[in-house]
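Before any comments, here is the structure.
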Amino acid sequence: MGKAVPLVEVWRGALLESAHSGHAVICDAKGQIVASWGDPQAVIYPRSSCKMIQALPLLTSGAADRYGLTTEQLALACASHNGAAIHTTRVTKWLDQLGLTEADLRCGPQDPADTEAHEGLILAHEKPCQIHNNCSGKHSGFLTLNQYMGGDPEYTEVDHPVQQAALAAFEEVTGEDSPGYGIDGCSAPNFATTLLGLGRAMAWFATAGQRSDQGSAAGARLVQAMMKHPELVAGEGRACTALMRAMPGRAAVKTGAEGVFTGILPELGLGVALKITDGTTRASECTMTALLIMLGLIEAENPVARSYCNVPIRSRRGLDAGVIRPVADFIRPL
Numbered sequence: 001m002g003k004a005v006p007l008v009e010v011w012r013g014a015l016l017e018s019a020h021s022g023h024a025v026i027c028d029a030k031g032q033i034v035a036s037w038g039d040p041q042a043v044i045y046p047r048s049s050c051k052m053i054q055a056l057p058l059l060t061s062g063a064a065d066r067y068g069l070t071t072e073q074l075a076l077a078c079a080s081h082n083g084a085a086i087h088t089t090r091v092t093k094w095l096d097q098l099g100l101t102e103a104d105l106r107c108g109p110q111d112p113a114d115t116e117a118h119e120g121l122i123l124a125h126e127k128p129c130q131i132h133n134n135c136s137g138k139h140s141g142f143l144t145l146n147q148y149m150g151g152d153p154e155y156t157e158v159d160h161p162v163q164q165a166a167l168a169a170f171e172e173v174t175g176e177d178s179p180g181y182g183i184d185g186c187s188a189p190n191f192a193t194t195l196l197g198l199g200r201a202m203a204w205f206a207t208a209g210q211r212s213d214q215g216s217a218a219g220a221r222l223v224q225a226m227m228k229h230p231e232l233v234a235g236e237g238r239a240c241t242a243l244m245r246a247m248p249g250r251a252a253v254k255t256g257a258e259g260v261f262t263g264i265l266p267e268l269g270l271g272v273a274l275k276i277t278d279g280t281t282r283a284s285e286c287t288m289t290a291l292l293i294m295l296g297l298i299e300a301e302n303p304v305a306r307s308y309c310n311v312p313i314r315s316r317r318g319l320d321a322g323v324i325r326p327v328a329d330f331i332r333p334l
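Counting with UniProt numbering, you get residues 1 to 334 for the letters of the sequence shown.
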């Protein structure tokens, strides 16, 4: 991985208390670099920022139409959700629709990030299950494709037809052969790519509606589903949901673990990918928001933008203590 550049600063009073470096790239419809920071050739795991790519075979295979999947289910297939009732009830219904149960999932149990759901489990003396896992929507998509293909139950194995279909889609839209994979938190393979490849893939999604081939039609449907149901892609209090709500119909954004964030910008025909090298979420959210501001998709003074970029730091008494902001020379005219 090449040299990262400073992207986000944390100031307390007159002192630069912390700093976060990383890489970022903006790509156009041809997959060319419009702007970049750091090393576009840095090889990364995209983590959950690429779930819309993993969902492509669900549509291109014909499985989504065979099972009559709704836009809500397509959004959940791309989601890293909070495990709130709006997520878990829909995943449960989806599994019922397939004639499957929670035991058929292979994502593992996870304590829900949603406070009400978390407290509800405690009060009921119950443990979280796999449906609470933030990736249960993606895995429901995998199960749908697997049932359509007639595959064996271990759909997360890298040589399983479901994952091989995901790899083929991944390499097609990134325009690169993946150099390898790691096991994601949900136990599915996560294929590596360069940051440029990930940005190129997001630009492919951003311009999918301008093309008529089967793969592009599938990509456009997934983007529209994400933008139509931002609350299902993440949830209350989450940057993905809040930013998409603040830019209705203008962008689909998706976070990933370890400081990865992607943006699909149909209005501009651009794709964005970034990676914070220390894996810090506050820095990836700040950087993505700064890029959206720079591209004119959200105003800097929008309350949602201020939640993630140029964020005031307050003491517990509410005193002004500092700010989390992009580095001074980061935002620039393109």
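Note that the Cβ used here is the ideal one computed from N, Cα and C, for glycine as well.
Worksheet item: When you compare each of Ile86, Gly137, Ala79 to Asp104 by their alpha carbons, which one comes out closest?
Response: Measuring from the Cα of Asp104, the nearest candidate turns out to be Gly137.
Fill in: C-alpha gap between Ile331 and Ser21, whole angstroms
Near 15 Å, if we compare the C-alpha coordinates of Ser21 and Ile331.
Fill in: Bridge partners - Thr262, DSSP secondary structure assignment
Thr262 is bridged by DSSP to Lys254, Ala273.
Fill in: Nearest-angstrom Cα separation, counted from Ala192 out to Ala77
Taking the straight line joining both Cα atoms gives about 20 Å.
Worksheet entry | Extent of the continuous alpha helix (DSSP H) run through His139 | Per DSSP, the continuous alpha helix (DSSP H) segment holding His139 begins and ends at 136 to 149.
Discussion item. Could you tell me the alpha carbon to alpha carbon distance between Cys186 and Ile86, rounded to whole angstroms?
Written reply: Spanning the two alpha carbons is a distance of roughly 20 Å.
Discussion item. Which runs of the beta strand (DSSP E) at least 3 residues long sit entirely within the segment 22 to 61? Give them in chain order.
Written reply: If you keep only unbroken beta strand (DSSP E) runs of at least 3 residues inside the segment 22 to 61, you get 33 to 37.
Worksheet item: If you pair each beta-carbon of the segment 281 to 291 with each one of the segment 306 to 315, do three or more pairs fall below 8 Å?
Response: Judged by Cβ distances under 8 Å, the segment 281 to 291 makes contact with the segment 306 to 315, as three or more pairs qualify.
Practice prompt. Would you list the one or two residues that DSSP bridges to Ala19?
Written response: Partner(s): Glu9.
Fill in: Thr115 versus Gln224: straight-line alpha-carbon distance, rounded
Rounded to the nearest whole angstrom, the C-alpha separation of Thr115 and Gln224 is 28 Å.
Fill in: Candidates Ser140, Leu232, Ala234, Gln214, of which the one nearest Ala188 by Cα
Of the listed residues, the one whose Cα sits closest to Ala188 is Ser140.
Worksheet item: Is the beta carbon of Arg245 sitting closer than 8 Å to the one on Leu297?
Response: Contact check for Arg245 against Leu297 fails: the beta carbons are separated by 8 Å or more.
Worksheet entry | Chain-order list of residues whose beta-carbon lies under 6 Å from that of Ala208 (same chain, five-residue window excluded) | Result list for Ala208: Ser216, Gly219, Ala220, in chain order.
Discussion item. Within 8 Å, do at least three Cβ pairs link the segment 274 to 283 to the segment 12 to 21?
Written reply: Because the criterion of three Cβ pairs below 8 Å is met, the segment 12 to 21 and the segment 274 to 283 touch.
Discussion item. I'd like to check one pair, Pro46 with Val253: are the Cβ atoms closer than 8 Å?
Written reply: Result no, Cβ atoms of Val253 and Pro46 do not sit closer than 8 Å.
Worksheet entry | Bridge-paired residues (DSSP) for Val323 | Listed as beta-bridge partners of Val323 by DSSP are Trp11, Pro312.
Item to complete: Could you spell out where the alpha helix (DSSP H) holding Pro230 opens and where it closes?
Response: Pro230 -> alpha helix (DSSP H) spans 230 to 233.
Item to complete: Return the first residue and the last residue of the beta strand (DSSP E) that Ile293 is part of.
Response: Note, Ile293: premise wrong, no beta strand (DSSP E); alpha helix (DSSP H) at 281 to 294.
Practice prompt. Report buried or exposed for Asp278, applying the criterion of at least 16 other Cβ atoms within 10 angstroms of its Cβ.
Written response: Asp278 should be labelled exposed.
Worksheet entry | CB of Ala14 within 8 Å of CB of Met226, strictly | Cβ distance not < 8 Å, so Ala14 and Met226 don't count as in contact.
Item to complete: Give a yes or no on whether the C-beta atoms belonging to Ala273 and Thr255 are separated by under 8 Å.
Response: Against a cut-off of 8 Å, the Cβ pair of Thr255 and Ala273 comes out as no contact.
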